[in-house]
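Participant:
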Amino acid sequence: MASDPLIINSRITLAGWELTEQFVLAGGPGGQNVNKVSTAVQLFFNLLGSPSLPDRIKENAAKLAGRRLSKEGVLIIEANRFRSQERNREDARERLKELLLEAAKPPPPPRRKTKPSKGAIERRLKEKSGRSEVKKMRGRPDRE
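What follows is the structure, encoded as structure tokens:
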């Protein structure tokens, strides 16, 4: 159980009881330490059932999470980049924070339709007729 809260930004803070951590054996470098100490961290966060997040952020985060989101709506982040348990724990929490910050970004402004200028239309038509003339000249000459 992660006891300290995770501050995402000025408006969003996840309570400590919402985050669950599990330590497992990690592969990779570390020598005998890898075989003895559970340094890898699995951070569990009930994304879809969290009271701390607005619905818009939950939906965006679910899209961003992809395969890391279980069918029950629990986000699972695995961290085993470092050799120490504490650094992996910080890494997992930081990755959760980055995902939620990305999900909290405002949507892009809607696209505004624009018309091409008169000059642009004229240039395009002039170029088309020029290409047409070039292609006509490639044909067989008329018998006259």
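When you number the sequence shown by this note's numbering, it's gap-free, plus one each residue, and the end is 197.
Just so it is clear, CB atoms sit at the ideal spot from N, CA and C, and this is done for glycine as well.
Given the structure is predicted, the values throughout are model-derived calculations rather than measurements.
Output the residue ranges of the beta strand (DSSP E) runs that lie fully inside the stretch 106–178 and measure 3 residues or longer, sorted by chain position.
Facilitator: DSSP runs (the beta strand (DSSP E)) wholly in the stretch 106–178: 127–132.
Participant: Compute the Euclidean distance between the alpha carbons of Val90 and Leu117, then round it to the nearest angstrom.
Facilitator: Cα to Cα, the separation comes out at about 32 angstroms.
Participant: Between which two residues does the beta strand (DSSP E) carrying Ala93 extend?
Facilitator: Unbroken beta strand (DSSP E) run through Ala93: 93–99.
Participant: Taking 8 angstroms as the cut-off, does the stretch 67–78 touch the stretch 97–108 (at least 3 CB pairs, one atom from each stretch)?
Facilitator: Touching, yes.
Participant: For the beta strand (DSSP E) that contains Val77, what are its first and last residues?
Facilitator: Where Val77 is concerned, the enclosing beta strand (DSSP E) stretches over 72–77.
Participant: Is it right to say Ile110 is buried, meaning 16 or more other beta carbons lie within 10 angstroms of its own, or is it exposed?
Facilitator: Under this definition Ile110 is a buried residue.
Participant: Go through its chain and collect everything with a Cβ distance to Asn99's Cβ below 6 angstroms, but skip five positions before and after it.
Facilitator: Closer than 6 angstroms at the Cβ level, and outside the excluded window around Asn99, lie Val127.
Participant: Going by Cα to Cα distance, which pick from Ala173, Arg176, Lys158, Ala145 is closest to Thr73?
Facilitator: Comparing Cα-Cα distances from Thr73 to each of Ala173, Arg176, Lys158, Ala145, the minimum goes to Ala145.
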